[in-house]
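Asks: Going left to right, the sequence shown walks through residues 1 to 398 as full-length UniProt numbering numbers them. Structure below; questions to follow.
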Amino acid sequence: MNNKEHIKSVILALLVLMSVVLTYMVWNFSPDIANVDNTDSKKSETKPLTTPMTAKMDTTITPFQIIHSKNDHPEGTIATVSNVNKLTKPLKNKEVKSVEHVRRDHNLMIPGLSSDFTLFDFTYDLPLSTYLGQVLNMNAKVPNHFNFNRLVIDHDADDNIVLYAISKDRHDYVKLTTTTKNDHFLDALATVKKDMQPYTDIITNKDTIDRTTHVFAPSKPEKLKTYRMVFNTISVEKMNAILFDDSTIVRSSKSGVTTYNNNTGVANYNDKNEKYHYKNLSEDEASSSKMEETIPGTFDFINGHGGFLNEDFRLFSTNNQSGELTYQRFLNGYPTFNKEGANQIQVTWGEKGVFDYRRSLLRTDVVLNSEDNKTLPKLESVRSSLANNSDINFEKVT
């Protein structure tokens, strides 16, 4: 009996001791939350592709070439960021004292146009209100939904700068008379003239017979250097984290294409061409074709997550029917192309946000000069080739 009582006493003492130890541990417990999988903390830590909001609207919405015509002798140059900034600076934040909309049923004739004017040629249709408000910061009441792809910079009899925004079909223009003297623009033009070379104007149809509607191109292109671009790959996980807000993602893979989706969107990634395609299921009813909304909307969306990659991406084409916009990677003022579309960002806006988003997950690491020169054909050779090509309607070349 004494042994049993002794064992009971030992067990009881151990239980009391364990109770004291556990009580102490509970009172002094401090949870380690460093590795807790918390969705809200993940969202706050979601990193952009590069530093966000570094791209500027006035270097993203730009012409592709600049033409200066004096006494019917045109010269021109590519629209580098530097040249565009120099020429738009005298136009920014200026007052517009009059606006006039003119429609011509036949060829476009502009009364009062001087013999010394400058052209900005764009590769896309652009709302005039967007260009004035977002790029030039001009406050002017212009016709609703008026689009243009050529801007003529001229002056009137009082030497005030006059702008003519010409429509794509070359039958409409909007004339804006400013209070800014032309001398300021001429001073800026003088700094760009050193980059200009002789250009030739071409008439391709009945709508391009006026001097402000001619097709302009270099008479004899200079030899161009060729470059090789080396890319880094952006991780799919980083792209998903941005677009899916780090929520639960269902993943499936088939034939080199991986699909990611949750209740808000679906994305496909092709590991062969490294193209990423995202669709927003919340915006799947209809895309928007209102360029006044889609251009600033898509620009802010891409810029907000560093999607322009601190590179020279510019708006390159707009589709007024589908609403799709294409931003192209430029190098030294020239657009760059790739068979797989690796140098494009294609995006469509919905009612309240992005509807469709396609891009490569490639970022330029280094640009290598191959030290090889490329000679382009002369303008007359190109014109003749286009005119004699049965697969091309030369009258639609503008």
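Each residue gets a CB set at the ideal place from its N, CA and C atoms; glycine is no exception. Keep in mind that this is a model prediction, so the values were computed, not measured.
For the structure I just gave you, are there three or more beta carbon pairs, one from the region 374-387 and one from the region 327-338, closer than 8 Å?
Replies: In short, these stretches do not touch, since the Cβ pair count stays below three.
Asks: In terms of alpha-carbon separation, which member of PRO218, THR204 and ASN205 lies closest to GLN197?
Replies: Ranking the options by Cα distance to GLN197, first place goes to PRO218.
Asks: Could you check if THR213 is buried or exposed, using at least 16 other CB atoms within 10 Å of its CB as the buried criterion?
Replies: Answer is buried; the Cβ neighbour count reaches 16.
Asks: Could you check where the beta strand (DSSP E) with VAL96 kicks off and where it finishes?
Replies: Run containing VAL96: 96-103, per the beta strand (DSSP E) assignment.
Asks: Pick helix, strand or coil for MET291, following the three-state DSSP scheme.
Replies: The answer is helix: DSSP assigns MET291 an H, G or I state.
Asks: Return the chain-ordered list of same chain residues with a C-beta closer than 8 Å to the C-beta of ILE392, the five sequence neighbours on each side being excluded.
Replies: If we look at ILE392 and ignore the five residues flanking it on each side, its Cβ neighbours are LEU386.
Asks: Could you check the C-alpha separation between THR200 and VAL367 for me, to the nearest Å?
Replies: The straight-line gap from Cα to Cα measures roughly 32 Å.
Asks: For LYS175, write down the residues that DSSP places opposite it in a beta bridge.
Replies: Note: LYS175 sits in a beta bridge opposite GLU100 and TYR164.
Asks: Please return the same chain residues whose Cβ sits closer than 8 Å to the Cβ of ASP125, not counting the five positions on each side in sequence.
Replies: Hits under 8 Å: ASN147, PHE148, ASN149, LYS168, MET291, THR318 and ASN320.
Asks: Buried or exposed: ARG314, going by 16 or more other Cβ atoms within 10 Å of its Cβ?
Replies: So ARG314 counts as buried.
Asks: With a threshold of 16 other CB atoms inside 10 Å of the CB of ALA157, please say whether the residue is buried or exposed.
Replies: Exposed, since its Cβ has fewer than 16 Cβ neighbours within 10 Å.
Asks: So, helix, strand or coil for ASP116, using DSSP?
Replies: Here ASP116 sits in strand by DSSP.
Asks: Would VAL102 pass as an interface residue toward chain D - the criterion being a Cβ-Cβ separation below 8 Å?
Replies: Absent from the structure: chain D. Only one protein chain is present.
Asks: Taking the C-alpha atoms as reference points, what is the distance between ARG103 and ILE166?
Replies: Answer to the nearest angstrom: the Cα atoms are 10 Å apart.
Asks: Curious, which full-length alpha helix (DSSP H) runs of at least 4 residues does the region 213-245 contain?
Replies: Counting whole runs of 4 or more residues, the region 213-245 contains the alpha helix (DSSP H) stretches 236-243.
Asks: For GLN134, name the three-state secondary structure that DSSP assigns.
Replies: If DSSP states are grouped into helix, strand and coil, GLN134 belongs with the helices.
Asks: Given this structure, state the Cα-to-Cα distance separating HIS184 from TYR260, to the nearest angstrom.
Replies: Those two C-alpha atoms are separated by around 54 Å.
Asks: Is THR60 helix, strand or coil by DSSP?
Replies: It is helical.
Asks: From ILE110, LYS94 and LYS223, pick the residue whose C-alpha is nearest to that of PRO377; which is it?
Replies: PRO377 has its Cα closest to that of LYS223, out of ILE110, LYS94 and LYS223.
Asks: Could you tell me which residues DSSP puts in a beta bridge with residue 450?
Replies: Only positions 1 to 398 of the chain appear in this structure, which leaves residue 450 out of reach.
Asks: Within the continuous alpha helix (DSSP H) that includes SER82, where are the two ends?
Replies: Its alpha helix (DSSP H) spans residues 81-88.
Asks: Look at the Cβ atom of LEU243, then the Cβ atom of TYR269, and state whether they are nearer than 8 Å.
Replies: Against a cut-off of 8 Å, the Cβ pair of TYR269 and LEU243 comes out as no contact.
Asks: Please state the DSSP three-state secondary structure of VAL142.
Replies: In this structure, VAL142 counts as coil in the three-state DSSP scheme.
Asks: Considering VAL192, what are the terminal residues of the alpha helix (DSSP H) in which it resides?
Replies: Note, VAL192: alpha helix (DSSP H), 182-192.
Asks: Determine the DSSP secondary structure at ILE209, reduced to helix, strand or coil.
Replies: Residue state, collapsed to three classes: coil.
Asks: Can you list, in chain order, the residues of its chain whose CB lies under 7 Å from that of GLY297, leaving out five sequence neighbours each side?
Replies: For GLY297, where only same-chain residues beyond five positions count, the Cβ hits under 7 Å are TRP349.
Asks: Relative to the C-alpha of ALA190, which residue among ALA55, ILE302 and LEU87 is closest?
Replies: With distances taken between Cα atoms, ALA190 lies closest to LEU87.
Asks: Short check: CB of LEU362 to CB of LYS238, under 8 Å?
Replies: No, Cβ-Cβ distance for LEU362 and LYS238 is not below 8 Å.
Asks: Could you tell me the boundaries of the beta strand (DSSP E) in which ARG329 lies?
Replies: ARG329 -> beta strand (DSSP E) spans 324-331.
Asks: For PHE355, which of ASN389, PHE117, ILE302 and LYS339 has the nearest alpha-carbon?
Replies: Ranking ASN389, PHE117, ILE302 and LYS339 by Cα distance to PHE355 puts ILE302 first.
Asks: To which residues of the same chain is GLY265 closer than 7 Å at the C-beta, ignoring the five residues directly before and after it?
Replies: Cβ neighbours of GLY265 beyond the five flanking positions: LEU243, PHE244, TYR278, LYS279, ASN280 and LEU281.
Asks: Determine the extent of the beta strand (DSSP E) in which GLU75 is found, giving its start and end residues.
Replies: Start and end: 73-78.
Asks: How many whole angstroms separate the CB atoms of PHE299 and THR60, which I take to be in contact at a CB cut-off of 8 Å?
Replies: Contact flag correct, Cβ pair sits at about 6 Å.
Asks: Hey, how far is the Cα of ASN160 from the Cα of SER82?
Replies: For ASN160 and SER82, the distance between alpha carbons rounds to 24 Å.
Asks: Can you tell me which of the three DSSP states LEU126 falls into?
Replies: In the structure shown, LEU126 sits in a strand (DSSP, three-state: E or B).
Asks: Which residue wins for smallest C-alpha separation from residue 420, given the options PHE122, ASP210 and GLU324?
Replies: As shown, the chain starts at 1 and ends at 398. That puts residue 420 outside it, with no answer to give.
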